[in-house]
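Chemist: One structure, pasted below without further comment.
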Amino acid sequence: MTAMQRTCLAAALVAGHEVLRRGASSVDAVEKTIRVLESSGLFNAGIGSRLQLDRVRRMDASIMEGRSLRAGAVAAIEQIRHPISAARLVMEETEHVLLVGEPATRFARYFKLKSDRQPVPRRISFKPVHAQQASGPTKKTLDLYRAMRVRRTVGLETVGAVAVDRSGTVASGASTGGIALMLPGRVGDTPLIGCGVYADNGGGAVSMTGVGEGIIRIAVAKEIVDRLAAGASPALAARLVLKRLVTRIRGAAGALVLAPDGRFAIRHTTPRMCAGYWTGNGSPIVRDRFW
Ligand code: ASP
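In terms of my numbering, the sequence shown opens at residue 225 and continues consecutively.
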């Protein structure tokens, strides 16, 4: 983790906590925290998102709250600075849970969400192109994908947050630009409720990072929340489900897990996971290993 990422994570924790301190909801806190990370350009979300193999940046995000089990998500949304806010709008302004692609982008524009017309950060070597110029999953991109697949790396630096407010309502959210070397149109776990995020006051809130293909197949977030509801501690629930992910399908992931009573765990099977927590006392704790 770079010093800038560390500072940004601490700032995001402070911003989210401030929202809770003012008496707002855990959904407000999760959205606020993720917005800080999305607009930093330092993580794989919002303006820092990865590009797909046709050089288009398509982003996924979701948010869920645990009192009413309301949830909203967007997948393959483009040129929107805060996909997490688009996900929240889906949750609050529609009867749906998930909107995808160009219609999701238009939906966000209708609500005047800020667009992201910033140049792509220099560390990404591709130049962005607009959807209408994009080639989609053509023979060329399929060939490129096959050639590069052997070097496929673990998805990194998706952003997520979990929170509990004064009423004991938990919420979780996540936002990502996906993994390295994705085929155009690839969607990971992040916008899939029960896979990348889940929140239920009867168990707790979970937000995942890691290789989405594995997380989806085990439905990791829901599996962890079910174990919390059955009485497991956050640390035990995370450990058991992550172990299953690794032994059953050789997946790789990290989890933020929070119970409505404030107990929490951060666990990962990857060598590192940049994450932090803050209960309002002292300063925020930010580290890149949590065993
Ligand atoms: N889970 C994300 C995805 O598969 C990637 C990540 O967490 O870094 O799209």
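C-beta atoms are modelled at their ideal positions from N, C-alpha and C, and glycine is treated no differently.
What residues match up with Glu289 in a beta bridge as DSSP calls it?
Modeler: By one-based count along the sequence shown, residue 289 stands at place 65. Paired residue(s): Ala395.
Chemist: Where do the N-terminal and C-terminal ends of the alpha helix (DSSP H) with Thr471 fall, by residue?
Modeler: For the purposes of this step, residue 471 is identified with residue 247 of the sequence shown, where counting begins at 1. Thr471 -> alpha helix (DSSP H) spans Pro458 to Ile473.
Chemist: What are the start and end residues of the beta strand (DSSP E) that includes Thr433?
Modeler: Your numbering for residue 433 matches position 209 in the sequence shown. Segment Gly428 to Gly434, the beta strand (DSSP E) holding Thr433.
Chemist: Which same chain residues, not among the five before or five after Phe488, have their C-beta less than 7 Å away from its C-beta?
Modeler: Taking the sequence shown and counting its residues from 1, the one referred to as residue 488 is at position 264. Pro458, Val481, Leu482 and Tyr501, listed in sequence order.
Chemist: Could you check how far apart the C-beta atoms of Val465 and Ile448 are, in whole angstroms? I think they sit under 8 Å.
Modeler: In the sequence shown, residue 465 corresponds to position 241, counting from 1. In the sequence shown, residue 448 corresponds to position 224, counting from 1. The Cβ separation is near 5 Å, so the contact holds.
Chemist: Does the Cβ-Cβ distance between Ala300 and Arg282 come in under 8 Å?
Modeler: The residue labelled residue 300 in the question sits at position 76 within the sequence shown. The residue labelled residue 282 in the question sits at position 58 within the sequence shown. For Ala300 and Arg282, yes; Cβs fall inside 8 Å.
Chemist: Note down, in chain order, each residue of its chain lying with its Cβ closer than 6 Å to the Cβ of Val383, except the 5 sequence neighbours on either side.
Modeler: Along the sequence shown, read from residue 1 onward, the residue named residue 383 stands at position 159. Only Ile258, Leu261, Phe267, Ala269 and Ser399 meet the Cβ criterion.
Chemist: For Ala295 versus Ile417, is the C-beta spacing smaller than 8 Å?
Modeler: Residue numbering aside, residue 295 sits at position 71 when the sequence shown is read from its first letter. Residue numbering aside, residue 417 sits at position 193 when the sequence shown is read from its first letter. Contact: yes.
Chemist: For Phe514, list the residues DSSP reports as bridge partners.
Modeler: Counting from one through the sequence shown, the residue named residue 514 turns up at place 290. Beta-bridge pairing links Phe514 to no other residue.
Chemist: Taking the alpha-carbon positions, what's the Met225 to Asp512 distance?
Modeler: Numbered from 1 along the sequence shown, position 1 holds the residue referred to as residue 225. Numbered from 1 along the sequence shown, position 288 holds the residue referred to as residue 512. Rounded to whole angstroms, Met225 to Asp512 spans 7 Å at the Cα level.
Chemist: Express the C-alpha separation of Ile509 and Lys446 in angstroms, rounding to a whole number.
Modeler: Position 222 of the sequence shown, counted from the first residue, corresponds to residue 446. Position 285 of the sequence shown, counted from the first residue, corresponds to residue 509. If you take the alpha carbons of Lys446 and Ile509, they lie about 26 Å apart.
Chemist: Should Thr362 be counted as a contact of the ligand ASP given a C-beta to heavy atom distance under 7 Å?
Modeler: Against the sequence shown, residue 362 aligns to sequence position 138. Result no, Cβ not under 7 Å from the ligand ASP.
Chemist: Does the segment 314 to 324 come within contact of the segment 390 to 410, defined as at least 3 CB pairs closer than 8 Å?
Modeler: As far as the Cβ criterion goes, the segment 314 to 324 does not touch the segment 390 to 410, which means the pair count is below three.
Chemist: I'd like to confirm something about Ile448: is its beta-carbon nearer than 7 Å to some heavy atom of the ligand ASP, or not?
Modeler: Reading the sequence shown from its first residue, position 224 is the one you call residue 448. Checking the Cβ of Ile448 against the ligand ASP gives no.
Chemist: At a cut-off of 7 Å, is Asp284 close to the ligand ASP when judged by its beta-carbon and the heavy atoms of the ligand?
Modeler: Sequence index remark: in the sequence shown, residue 284 carries index 60 (1-based). Yes; taking the cut-off as 7 Å, the Cβ of Asp284 has a heavy atom of the ligand ASP nearer than that.
Chemist: Taking just the CA atoms, how far does Cys232 sit from Ala551?
Modeler: Nothing can be reported for residue 551: it is not among the residues displayed for the chain, which extend from 225 to 515.
Chemist: On the criterion of 16 or more Cβ atoms from any shown chain inside 10 Å, does Thr433 qualify as buried, or is it exposed?
Modeler: Locating residue 433 in the sequence shown gives position 209, where the first residue counts as 1. Answer is buried; the Cβ neighbour count reaches 16.
Chemist: Throw me the rounded Cβ distance for the Ala477 and Val444 pair, which I believe falls under 8 Å.
Modeler: Numbered from 1 along the sequence shown, position 253 holds the residue referred to as residue 477. Numbered from 1 along the sequence shown, position 220 holds the residue referred to as residue 444. Confirmed, Cβ separation roughly 6 Å.
Chemist: If you measure between the beta carbons of Asp284 and Gly402, is that distance less than 8 Å?
Modeler: Indexing the sequence shown from 1 puts residue 284 at position 60. Indexing the sequence shown from 1 puts residue 402 at position 178. Yes.
Chemist: Could you please give me the residues that DSSP links to Ala299 through a beta bridge?
Modeler: The residue you call residue 299 lines up with position 75 of the sequence shown. According to DSSP, Ala299 bridges with Val324.
Chemist: List the endpoints of the continuous alpha helix (DSSP H) containing Ala423.
Modeler: Working through the sequence shown from its first residue, we reach residue 423 at position 199. Careful: Ala423 lies outside any alpha helix (DSSP H), inside the beta strand (DSSP E) at Val421 to Asp424.
Chemist: Residue range of the beta strand (DSSP E) that Arg279 falls in?
Modeler: Numbered from its first residue, the sequence shown carries residue 279 at position 55. Here Arg279 belongs to no beta strand (DSSP E), and DSSP marks it neither H nor E.
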